[in-house]
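> Take any residue in the sequence shown, note its place counting from 1, add 9, and you have its number in the numbering used here.
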Amino acid sequence: MDAFAHGGDLDGYARRFPGRAPLDFSASLNPLGMPQEVRAALHAAVDGCARYPDPFCRELREGLAAKWGLSPGQIFCGSGAAEIFDRLAAVLRPRAALLLAPSFSEYERALCRVGTDCRFHMLHKEEGFAVTERILEQIPGEGGAVFLCSPNNPTGQAIAPGLLARIAGRCGETGAWLVVDECFGGFLADGRERSMRRYLERYGRLVIVRAFTKLYALAGVRLGWCMAQSPALIESLRAAGQPWNVSYLAQKAGAAALGCDAFAQESVRYIMRERAFLSEGLRRCGLWLCPGQANFVLFESADPTLAERLLPHGILLRSCADFRGLGAGWYRAAVRTHAENVRLLETIQEVLHGKNDHGTGHVL
């Protein structure tokens, strides 16, 4: 398979194992799938694909603004959160940036493309990979930036609200930009309350990034967005790349998803139950689990080839060997449906404890 630094490479799996439909635990998406309202909106929008999409995403930005108590001029929409990070790097061009490690690799990739000196606040297993007050001593000065992910990927840890507030305050003192990735925030029971949105009026150099990808299972549609205090920054983000960056289908899907609050709430309840079940099962397999709150679980195995050994069994795990601060033997598993979680646990037990490591030949 071609090298790919993220999960969800189902096409690569299909080329290696033709005729098999795997269970994908490598991409952390809502196991309940796409809301019916969003599915219907996508079907209804097909004919509109013959026209250019709105280059300003007016309907979607107005809906987001109403939901989050902002003006449309404080919102920028992009083709997934990854595009937002690319544009932020191009616009902010920080001389130095502080990142978490381990964390999502696209921050570093985007910043390195514009010549930023990337530094790292290392997270430690002994501390449950939690962000600690040590970070306050590392925040860069004027012209710098801090990129945080809460809940963090791949650890699943949400940063303590009090510490986030202190980080924002420290950035305000030094003049550094603070970019907070809340793409997994929708999976927290108190995700809205934990959001940094309430600090937006106080800090002019705060940017909050969110996405429709995970909670609404829209990974193939590509839709992310960010909010900031300054419409001037939003305009700079718009000018930093091509027009029509958000497709017609994505705009209609996002607008429909904004009305799916009941679906989102039920998804969170379901995932919390299944996360507890999956976590306990992994512990019984003799694995060390990182404490976390997101819709995925980070765990450590003594077997550095576990992900590879699961492939013939029709299961994709995300190997975290390429994450800074982790290495071989670390894995991330998405929380899926109960039956699928049972299948994962049974297969890991089988592979790790020697019952049968030759693949089941089962086509799912």
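Glycine is no exception: its CB is placed at the ideal position from the N, C-alpha and C atoms.
For the stretch 135 to 216, list the beta strand (DSSP E) runs that are entirely contained and at least 3 residues long, ordered along the chain.
Runs of beta strand (DSSP E) with 3 or more residues, each lying fully within the stretch 135 to 216, are found at 154 to 158, 186 to 190, listed in chain order.
> Count the C-beta pairs between the stretch 44 to 60 and the stretch 235 to 245 that are closer than 8 angstroms, then say yes if the count reaches three, no if not.
With fewer than three CB-CB distances shorter than 8 angstroms, the stretch 44 to 60 does not count as touching the stretch 235 to 245.
> Residue range of the beta strand (DSSP E) that CYS235 falls in?
In the sequence shown, counting from the first residue as 1, residue 235 sits at position 226. From DSSP, the beta strand (DSSP E) with CYS235 extends over 233 to 237.
> Less than 7 angstroms between C-beta atoms, sequence neighbours within five positions excluded: which residues of the same chain meet that for GLY402?
This structure cannot settle anything about residue 402, because the visible part of the chain is limited to 10 through 373.
> With GLY87 as the anchor, note down where its beta strand (DSSP E) starts and where it stops.
The residue given as residue 87 occupies position 78 in the sequence shown. Residues 84 to 87.
> Alpha carbons only, please: which of CYS180, PRO40, PHE196 is nearest the one belonging to GLN7?
Any question about residue 7 goes unanswered here, given that the chain covers just 10 to 373.
> Relative to the alpha-carbon of ASN350, which residue among LEU267, GLU191, LEU51, GLU283 has its alpha-carbon at the smallest distance?
Looking up residue 350 in the sequence shown gives position 341. When only C-alpha atoms are compared, the closest one is GLU283.
> Compare the beta carbon distance of PRO62 and TRP253 with 8 angstroms and say whether it is the shorter of the two.
One-based indexing of the sequence shown puts residue 62 at position 53. One-based indexing of the sequence shown puts residue 253 at position 244. Result yes, Cβ atoms of PRO62 and TRP253 sit closer than 8 angstroms.
> Run through the stretch 99 to 125 for me and flag every whole alpha helix (DSSP H) of 4 or more residues, listed as ranges in chain order.
115 to 122
> Please report whether the beta-carbon of LEU41 lies at a distance below 8 angstroms from any beta-carbon of chain B.
Judged by its chain identifiers, the structure shown contains no chain B, having just a single protein chain.
> Could you check where the beta strand (DSSP E) with PHE308 kicks off and where it finishes?
As a working mapping, residue 308 is identified with position 299 in the sequence shown. Where PHE308 is concerned, the enclosing beta strand (DSSP E) stretches over 305 to 309.
> Tell me the rounded alpha-carbon separation between ARG122 and GLN251.
The sequence position of residue 122 within the sequence shown is 113, counting from 1. The sequence position of residue 251 within the sequence shown is 242, counting from 1. If you take the alpha carbons of ARG122 and GLN251, they lie about 17 angstroms apart.
> Alpha carbon to alpha carbon, how far is ASN161 from HIS133?
Stepping through the sequence shown from its first residue, residue 161 is reached at position 152. Stepping through the sequence shown from its first residue, residue 133 is reached at position 124. Cα-Cα distance, rounded: 13 angstroms.
> Apart from the five residues on each side of it in sequence, which residues of its chain come closer than 8 angstroms, Cβ to Cβ, to SER288?
If you number the sequence shown from 1, residue 288 lands on position 279. Taken in chain order, the residues that qualify are LEU298, VAL306.
> Would you report the Cα separation of ALA259 and LEU232, rounded to the nearest angstrom?
Within the sequence shown, residue 259 is the residue found at index 250, counting from 1. Within the sequence shown, residue 232 is the residue found at index 223, counting from 1. ALA259 and LEU232: Cα-Cα distance of roughly 6 angstroms.
> Please work out which residues of its chain come closer than 6 angstroms, Cβ to Cβ, to THR369, disregarding the five sequence neighbours upstream and downstream, and give them in chain order.
Taking the first residue of the sequence shown as 1, we reach residue 369 at position 360. Bear in mind that the predicted position of THR369 carries a pLDDT of just 38, short of 50, making it unreliable; the figure below should be weighed with that in mind. HIS322, listed in sequence order.
> Based on Cα-Cα distance, which residue from GLU117, LEU107, THR125, ARG118 lies nearest to VAL140?
For the purposes of this step, residue 140 is taken as the residue at position 131 of the sequence shown. Comparing Cα-Cα distances from VAL140 to each of GLU117, LEU107, THR125, ARG118, the minimum goes to LEU107.
> If ALA343 and LEU38 are in contact, beta carbons under 8 angstroms, what's the gap, nearest whole angstrom?
Numbered from 1 along the sequence shown, position 334 holds the residue referred to as residue 343. Numbered from 1 along the sequence shown, position 29 holds the residue referred to as residue 38. So it is a contact: roughly 7 angstroms between Cβ atoms.
> Determine the DSSP secondary structure at ALA30, reduced to helix, strand or coil.
Sequence index remark: in the sequence shown, residue 30 carries index 21 (1-based). Looking at ALA30 - three-state DSSP - the assignment turns out to be coil, as it is neither helix nor strand.
> What whole-angstrom Cβ distance do ALA220 and CYS180 have, given they're in contact under 8 angstroms?
Within the sequence shown, numbered from 1, the residue matching residue 220 stands at position 211. Within the sequence shown, numbered from 1, the residue matching residue 180 stands at position 171. In fact, because the Cβ distance is near 23 angstroms, the residues do not count as touching under 8 angstroms.
> For GLU202, count neighbouring C-beta atoms within 10 Å of its own C-beta (all shown protein chains included) and say buried if the count is 16 or more, exposed if not.
Here the question's residue 202 lines up with position 193 in the sequence shown. Looking at its Cβ environment, which holds fewer than 16 other Cβ atoms inside 10 Å, GLU202 is exposed.
> Using CA coordinates, which residue listed in ARG25, ARG175, TYR257 is at the minimum distance from ARG211?
As a first step, residue 211 is located in the sequence shown; it is residue number 202 there, counting from the start. Looking at the Cα atoms, ARG175 is the closest of the given residues.
> Which runs of the beta strand (DSSP E) spanning at least 3 residues fall entirely within the stretch 44 to 81, listed in chain order?
none
> Could you tell me the distance, in whole angstroms, from the CA atom of ILE93 to the CA atom of ARG70?
For this step, residue 93 is matched to residue 84 along the sequence shown. For this step, residue 70 is matched to residue 61 along the sequence shown. Answer to the nearest angstrom: the Cα atoms are 15 angstroms apart.
> At a threshold of 7 angstroms, does PHE332 count as lining the ligand NAD (C-beta to nearest heavy atom)?
Absence of the ligand NAD from the depicted structure is noted, as is the absence of any ligand whatsoever, leaving it without description.
> Let's see if you can read the secondary structure: which residues bound the alpha helix (DSSP H) around LEU316?
In the sequence shown, residue 316 corresponds to position 307, counting from 1. One detail in the question is off: residue 316 reads as Ala in this sequence, not Leu. Here the alpha helix (DSSP H) through ALA316 covers 315 to 319.
> Just the C-alpha distance for LEU320 and GLU309, rounded to the nearest angstrom, thanks.
For the purposes of this step, residue 320 is identified with residue 311 of the sequence shown, where counting begins at 1. For the purposes of this step, residue 309 is identified with residue 300 of the sequence shown, where counting begins at 1. Cα to Cα, LEU320 sits roughly 18 angstroms from GLU309.
> Apart from the five residues just before and just after ALA105, which ones in its own chain have a Cβ nearer than 7 angstroms to its Cβ?
Taking the first residue of the sequence shown as 1, we reach residue 105 at position 96. Taken in chain order, the residues that qualify are THR125, ASP126, ARG128, PRO149, GLY153.
> Compare the Cα-Cα distances from THR314 to each of THR346, PRO300, TRP339 and report the closest residue.
As a working mapping, residue 314 is identified with position 305 in the sequence shown. For the residues THR346, PRO300, TRP339, the minimum Cα distance to THR314 belongs to TRP339.
> If LEU109 sits next to CYS58, beta carbons under 8 angstroms apart, how far is it from one beta carbon to the other, in whole angstroms?
In the sequence shown, counting from the first residue as 1, residue 109 sits at position 100. In the sequence shown, counting from the first residue as 1, residue 58 sits at position 49. At roughly 38 angstroms, the Cβ-Cβ gap does not stay under 8 angstroms, so LEU109 and CYS58 are not in contact.
> What does TRP339 pair with, by DSSP beta-bridge criteria?
The sequence position of residue 339 within the sequence shown is 330, counting from 1. Answer is GLU309.
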